[in-house]
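Engineer: Mapping of the sequence shown onto full-length UniProt numbering: position 18 corresponds to residue 18, and the numbering continues sequentially without gaps. Mind having a look at this structure? Questions to follow.
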Amino acid sequence: MLSNLAGYGRSKQEVLKRAERRKSSELQGKKQDESYISLTEIARAHSEDAPGYVIQSWLRNGNTLAFLNLWEQENNPNYSEVGYAELSKRKKNASFTLTPKLWIDQTKAIGIVSKQGKNGGTFAHPMIACEFASWIAPEFKMQLLRLSLDKTKLR
1 MLSNLAGYGR SKQEVLKRAE RRKSSELQGK KQDESYISLT EIARAHSEDA
51 PGYVIQSWLR NGNTLAFLNL WEQENNPNYS EVGYAELSKR KKNASFTLTP
101 KLWIDQTKAI GIVSKQGKNG GTFAHPMIAC EFASWIAPEF KMQLLRLSLD
151 KTKLR
């Protein structure tokens, strides 16, 4: 077992390929994380005491799950629609609670990232963060709609 982890028994080419794949996936993760927006900070502005509960309430919304499903289908080749279907079934129970970590684990989602620790929180792709912010603040939603309908500002 240990010899497999260390790369013994593999050719030099195999070891180098694995190292390159690991390196590129780490770089992708860093790039992705830098552009992602903190849902925790947005939620904290709405509810200073319990931002996690705000995010969980948003995730429990049927429209939110439908939106996340569409986003993941378009952007994530490893997305598990089976996981989404299972969560949708479980959502019908009154006691159902959906956390960002459960969403990520169940569906292999990449649009939302959950981190523990000092600089932790829930982070999301800008498009998903806009959806979250428009759910929290009708004023933000109004501004987004104005911008999308004002064709002179889009040119």
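For each residue, glycine too, the CB sits at the ideal point set by N, CA and C.
Can you grab the Cα-Cα spacing for the pair Val-113 / Ile-136, in whole Å?
Structural biologist: 19 Å
Engineer: DSSP on Phe-132, reduced to helix/strand/coil?
Structural biologist: helix
Engineer: In three-state DSSP terms, what is Ile-42?
Structural biologist: In the structure shown, Ile-42 sits in a helix (DSSP, three-state: H, G or I).
Engineer: State yes or no: is the C-beta of Ala-133 within less than 8 Å of the C-beta of Phe-140?
Structural biologist: yes
Engineer: Contact defined as beta carbons within less than 8 Å: I believe Ala-109 pairs with Asn-76. What is the distance between those atoms, to the nearest angstrom?
Structural biologist: 7 Å
Engineer: Answer with yes or no whether the minimum CB distance from Pro-138 to chain D is below 8 Å.
Structural biologist: Looking at the structure shown, chain D is missing, and only one protein chain is on hand.
Engineer: I need the boundaries of the beta strand (DSSP E) containing Ala-124, first residue and last residue.
Structural biologist: Here the beta strand (DSSP E) through Ala-124 covers 121 to 124.
Engineer: Using the C-alpha atoms, what's the distance from Glu-48 back to Leu-70?
Structural biologist: 30 Å
Engineer: Could you compute how far the alpha carbon of Val-54 sits from the alpha carbon of Ala-43?
Structural biologist: 6 Å
Engineer: Use the C-beta contact count for Lys-100: other C-beta atoms within 10 angstroms, 16 or more gives buried, fewer gives exposed.
Structural biologist: Residue 100 is actually Pro in this sequence, not Lys. The residue is buried, with at least 16 neighbouring Cβ atoms inside 10 Å.
Engineer: Taking buried to mean at least 16 other C-beta atoms within 10 Å of its own C-beta, is Leu-51 buried or exposed?
Structural biologist: According to the sequence displayed, residue 51 carries Pro and not Leu. By the beta-carbon neighbour count (other beta carbons within 10 angstroms, threshold 16), Pro-51 is buried.
Engineer: Using DSSP bridges, identify the partner residues of Val-113.
Structural biologist: Phe-123
Engineer: Do you know offhand how far Glu-131's Cα is from Gln-143's?
Structural biologist: 12 Å
Engineer: Taking C-alpha atoms, which residue in Pro-138, Thr-122, Met-127, Arg-146 lies nearest to Glu-41?
Structural biologist: Thr-122
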